[in-house]
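Visitor: What follows is a single structure, and I will ask about it in a moment.
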Amino acid sequence: MADARRVRAGVFLTHQQPPGRDPLVALDEQLGLVRTARDAGLDSVFAGQHHLAESMAHIQPLPWLARLAAEAGDMTVGTGIHLLALHNPVDTAEAYAGLDVVAGGRSVLGVGLGYRQVEYDAFGVPPGDKVRRFTENLRIVEALWRGEAVSADLPWCRLDGVRATFRPAADPRPPIWMAANSDGAVRRAARLADTWMINPHATRATIARQLELFHAEREAAGRGPLGELPLIREVFCAPTREQALELAMPYLARKYEVYADWGQDRVMPGTESFRVGYDDLAHDRFVVGSPEDCAAALLPWRDELGVDHFVFRTDWAGMPVEAARTSLDLLAREVVPALRAPLPVS
Numbered sequence: 030m031a032d033a034r035r036v037r038a039g040v041f042l043t044h045q046q047p048p049g050r051d052p053l054v055a056l057d058e059q060l061g062l063v064r065t066a067r068d069a070g071l072d073s074v075f076a077g078q079h080h081l082a083e084s085m086a087h088i089q090p091l092p093w094l095a096r097l098a099a100e101a102g103d104m105t106v107g108t109g110i111h112l113l114a115l116h117n118p119v120d121t122a123e124a125y126a127g128l129d130v131v132a133g134g135r136s137v138l139g140v141g142l143g144y145r146q147v148e149y150d151a152f153g154v155p156p157g158d159k160v161r162r163f164t165e166n167l168r169i170v171e172a173l174w175r176g177e178a179v180s181a182d183l184p185w186c187r188l189d190g191v192r193a194t195f196r197p198a199a200d201p202r203p204p205i206w207m208a209a210n211s212d213g214a215v216r217r218a219a220r221l222a223d224t225w226m227i228n229p230h231a232t233r234a235t236i237a238r239q240l241e242l243f244h245a246e247r248e249a250a251g252r253g254p255l256g257e258l259p260l261i262r263e264v265f266c267a268p269t270r271e272q273a274l275e276l277a278m279p280y281l282a283r284k285y286e287v288y289a290d291w292g293q294d295r296v297m298p299g300t301e302s303f304r305v306g307y308d309d310l311a312h313d314r315f316v317v318g319s320p321e322d323c324a325a326a327l328l329p330w331r332d333e334l335g336v337d338h339f340v341f342r343t344d345w346a347g348m349p350v351e352a353a354r355t356s357l358d359l360l361a362r363e364v365v366p367a368l369r370a371p372l373p374v375s
């Protein structure tokens with residue numbers, strides 16, 4: 030349960046920017062947010078991956094995470110997510126072993142299938158092959174990280190008893206978190222990964238139902254005790270609820286318009302759609318308000334669902350960096366202590 034372990038909290042920095050924005054200015058702003066998180070005592074910083082992101086400029090996670098690791102101090106750095114099926118597993122194993130060394134053995138490899146057809150087309154991956162490529166690539170990465178002799182006879186990767194001479198600093202390896210949206214993907218995460226990296230898109234009601242599937246599948250697969258249960262959530266904090274809504278809504282609403290254009294909601298369970306008004310979209314999904322509002326909305330994830338690693342996404346493309354910094358500072362000073370406080374004894 031979450032109360033048996035220290036609750037951790039971090040920040041998700043997509044580094045997504047409006048196309049044409051000065052990339053050096055954007056980099057400096059994002060590094061400032063890393064320092065804010067570090068100095069405020071947050072535990073982790075994550076970055077995601079997209080290719081050919083038409084609606085925004087998107088830095089790739091490997092150079093971004095390697096650069097911010099120099100600013101992150103003792104924070105964990107991780108991907109949320111690396112699109113594993115699109116990339117060669119040898120390159121993934123060696124590149125992210127390198128990131129783990131740069132990060133002092135404090136990295137997380139977050140992986141997932143992704144959902145944008147333009148990305149699969151760009152890498153020449155047929156839709157019917159993506160699950161097989163994903164699972165085989167994960168097998169190869171793990172085996173290389175363990176120092177095993179690895180063989181594979183696949184259309185995209187051929188290995189004959191090779192071993193990796195460069196391995197991660199973490200012992201025995203960095204944690205592998207798996208993103209999942211559909212029920213089938215949640216079950217896959219339970220079988221193959223160390224934990225499920227809970228997405229920011231689904232409602233709490235949906236996640237509560239899927240967590241039952243996750244835990245049941247994990248038990249059936251004979252997996253050991255769950256070490257960590259992380260949650261990414263769209264969170265924005267301001268001194269008042271009205272200020273938070275005014276500052277966050279334009280950028281957060283636009284973010285989900287882009288998700289709808291990309292088809293993110295088509296891989297969600299049931300009939301969830303992002304093509305609805307902001308109030309319907311935000312209900313049971315976004316956490317936007319005062320510190321008291323944010324704590325009240327986040328505590329049930331800890332107390333009822335067992336989440337013990339909160340990853341806040343609190344800036345979106347186009348948002349002024351000062352607004353994001355203010356939100357991050359309030360979250361660290363006034364919300365995270367409530368999440369880290371022990372559960373009351375009954």
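In terms of our numbering, the sequence shown is residues 30 to 375.
Idealized CB from N, CA, C, for every residue including glycine.
(1) Which same chain residues end up closer than 8 Å to alanine 172 when comparing Cβ atoms and leaving out the 5 residues on each side of it in sequence?
(2) Taking DSSP as the reference, what is the three-state secondary structure of leucine 274?
(3) In terms of DSSP beta bridges, what is leucine 112 paired with?
(4) Write down every uninterrupted run of the alpha helix (DSSP H) in the region 139 to 194 whose length is 4 residues or greater and which is fully enclosed by it, in chain order.
(5) With a floor of 4 residues, list each alpha helix (DSSP H) that falls wholly inside the region 225 to 266, ordered by position along the chain.
(6) Whose C-alpha, out of Pro204, Gly335, Arg270, is nearest the C-alpha of histidine 244?
(7) Exposed or buried, which one is glycine 107 when buried takes at least 16 other CB atoms within 10 Å?
(8) Looking at the strands, I want to know which residues DSSP matches up with alanine 208.
(9) Does the distance from the CB of valine 74 to the CB of alanine 101 come in under 8 Å?
(10) Determine the burial state of valine 137: buried for a count of at least 16 other Cβ atoms within 10 Å of its Cβ, exposed for fewer.
(11) With respect to the beta strand (DSSP E) encompassing glycine 61, which residues constitute its N-terminal and C-terminal limits?
(12) Between which residues of its own chain and phenylalanine 315 is the CB-CB distance below 7 Å, once the five residues before and five after are set aside?
(13) Which one of Ala198, Arg216, Met226, Arg96 has the shortest CA to CA distance from alanine 249?
(14) Return yes when the Cβ of alanine 198 is within less than 8 Å of the Cβ of glycine 143, no when it is not.
(15) Going by DSSP in three states, arginine 369 sits in which element: helix, strand or coil?
(16) Grab the span of the beta strand (DSSP E) containing arginine 37 for me, first residue to last.
(17) Does DSSP classify threonine 269 as helix, strand or coil?
(18) Under a three-way DSSP split, which group does glycine 213 fall into?
(19) Please report the distance separating the alpha-carbon of lysine 284 from that of aspartate 189.
(20) Tell me where the alpha helix (DSSP H) around alanine 95 begins and ends.
(21) Using only the alpha-carbon positions, how far apart do phenylalanine 303 and phenylalanine 41 sit?
(22) Might you give, ordered along the chain, the residues of its own chain that have their beta carbon closer than 8 Å to the beta carbon of glycine 176, omitting 5 neighbours on each side?
(23) So the alpha helix (DSSP H) arginine 331 belongs to, where does it begin and stop?
(24) Assuming the contact rule is C-beta atoms closer than 8 Å, isoleucine 236 and isoleucine 261 should be a hit. Round their C-beta distance to whole Å, please.
(25) Considering only DSSP beta bridges, list what threonine 355 is partnered with.
(26) Quickly, what does DSSP pair alanine 132 with across the bridge? List them, please.
(27) Alpha carbon to alpha carbon, what distance is there between proline 48 and leucine 81?
(28) Considering only the beta carbon of each residue, do isoleucine 110 and valine 147 sit closer than 8 Å?
(29) How many Å lie between threonine 224 and alanine 218 at the Cα?
(30) Excluding five sequence neighbours on each side, which residues of the same chain lie with their C-beta closer than 7 Å to the C-beta of glutamine 89?
(31) Please identify the residue among Trp174, Leu113, Thr121, Ala124 whose C-alpha is closest to the C-alpha of aspartate 158.
(32) Taking its Cβ as the centre, do 16 or more other Cβ atoms sit within 10 Å of aspartate 72, making it buried, or is it exposed?
Guide: In brief:
(1) Counting from one through the sequence shown, the residue named residue 172 turns up at place 143. If you ignore the 5 residues before and after alanine 172, its C-beta comes within less than 8 Å of the C-beta of Val179, all in its own chain and listed in chain order.
(2) Reading the sequence shown from its first residue, position 245 is the one you call residue 274. Secondary structure at leucine 274: helix, using DSSP grouped into helix, strand and coil.
(3) Stepping through the sequence shown from its first residue, residue 112 is reached at position 83. The partner list for leucine 112 (beta bridge, DSSP) reads Gly141.
(4) You should have 146 to 151, 159 to 174.
(5) Taken in chain order, the complete alpha helix (DSSP H) segments of 4 residues or longer contained in the region 225 to 266 are 233 to 249.
(6) The count along the sequence shown starts at 1 and reaches residue 244 at position 215. Of the candidates Pro204, Gly335, Arg270, the one whose C-alpha sits nearest the C-alpha of histidine 244 is Gly335.
(7) Reading the sequence shown from its first residue, position 78 is the one you call residue 107. Sixteen is the threshold: when 16 or more other Cβ atoms of the shown chains lie within 10 Å of the Cβ of glycine 107, as they do, the residue is buried.
(8) As a position in the sequence shown, residue 208 is number 179, starting the count at 1. Looking at the DSSP assignment, alanine 208 forms a beta bridge with Met226.
(9) For the purposes of this step, residue 74 is identified with residue 45 of the sequence shown, where counting begins at 1. For the purposes of this step, residue 101 is identified with residue 72 of the sequence shown, where counting begins at 1. Yes; because the gap between Cβ atoms is below 8 Å, this pair is in contact.
(10) One-based indexing of the sequence shown puts residue 137 at position 108. Within a 10 Å sphere around the beta-carbon of valine 137 sit 16 or more other beta-carbons, which makes this residue buried.
(11) Here residue 61 refers to the residue found at position 32 when the sequence shown is read from its first residue. Premise fails: glycine 61 lies in the alpha helix (DSSP H), 52 to 68, not in any beta strand (DSSP E).
(12) As a working note, residue 315 is residue 286 in the sequence shown. Cβ neighbours of phenylalanine 315 beyond the five flanking positions: Glu263, Leu281.
(13) On the sequence shown, residue 249 is found 220 positions in, with the first residue counted as 1. Alanine 249 has its Cα closest to that of Arg216, out of Ala198, Arg216, Met226, Arg96.
(14) Walking along the sequence shown from the start, residue 143 turns up at place 114. Walking along the sequence shown from the start, residue 198 turns up at place 169. Not closer than 8 Å, so no.
(15) Stepping through the sequence shown from its first residue, residue 369 is reached at position 340. For arginine 369, the secondary structure class from DSSP, reduced to helix, strand or coil, is helix.
(16) As a working note, residue 37 is residue 8 in the sequence shown. Boundaries of the beta strand (DSSP E) harbouring arginine 37: 37 to 41, taken from the DSSP string.
(17) Start at 1 with the first residue of the sequence shown, and residue 269 comes out as number 240. Residue state, collapsed to three classes: coil.
(18) Residue 213 sits at position 184 when you count from the first residue of the sequence shown. Helix, per DSSP.
(19) Numbered from 1 along the sequence shown, position 255 holds the residue referred to as residue 284. Numbered from 1 along the sequence shown, position 160 holds the residue referred to as residue 189. Looking at the backbone, the Cα of lysine 284 and that of aspartate 189 are separated by about 44 Å.
(20) The residue labelled residue 95 in the question sits at position 66 within the sequence shown. Unbroken alpha helix (DSSP H) run through alanine 95: 90 to 98.
(21) Here residue 303 is taken as the residue at index 274 of the sequence shown, counted from 1. Here residue 41 is taken as the residue at index 12 of the sequence shown, counted from 1. Confidence in phenylalanine 303 is poor, its pLDDT being 49 and thus under 50, which makes the residue's placement unreliable; the coordinate value appears in the next sentence. Rounded to the nearest angstrom, the two C-alpha atoms are 21 Å apart.
(22) Within the sequence shown, numbered from 1, the residue matching residue 176 stands at position 147. Excluding its 5 nearest sequence neighbours in each direction, glycine 176 has C-beta neighbours in its own chain below 8 Å: Arg192, Ala193, Arg196, listed in chain order.
(23) Counted from its first residue, the sequence shown places residue 331 at position 302. That run of the alpha helix (DSSP H) goes 320 to 334.
(24) Start at 1 with the first residue of the sequence shown, and residue 236 comes out as number 207. Start at 1 with the first residue of the sequence shown, and residue 261 comes out as number 232. The C-beta distance from isoleucine 236 to isoleucine 261 rounds to 11 Å, too long to meet the 8 Å contact threshold.
(25) Looking up residue 355 in the sequence shown gives position 326. Among the bridge pairs identified by DSSP, threonine 355 is matched with none.
(26) Counting from 1 along the sequence shown, the entry for residue 132 is found at position 103. Its beta-bridge partners do not exist; DSSP assigns none.
(27) By 1-based counting over the sequence shown, the position of residue 81 is 52. By 1-based counting over the sequence shown, the position of residue 48 is 19. Pairing leucine 81 with proline 48, the inter-Cα distance amounts to about 12 Å.
(28) Stepping through the sequence shown from its first residue, residue 110 is reached at position 81. Stepping through the sequence shown from its first residue, residue 147 is reached at position 118. No; because the gap between Cβ atoms is not below 8 Å, this pair is not in contact.
(29) The residue given as residue 224 occupies position 195 in the sequence shown. The residue given as residue 218 occupies position 189 in the sequence shown. Cα to Cα, the separation comes out at about 7 Å.
(30) Residue mapping note: residue 89 aligns to position 60 of the sequence shown, counting from 1. Contacts found: Gln78.
(31) On the sequence shown, residue 158 is found 129 positions in, with the first residue counted as 1. Ranked by Cα distance from aspartate 158, the options Trp174, Leu113, Thr121, Ala124 are led by Leu113.
(32) Counting from one through the sequence shown, the residue named residue 72 turns up at place 43. With at least 16 other beta carbons inside 10 angstroms of its own, aspartate 72 counts as buried.
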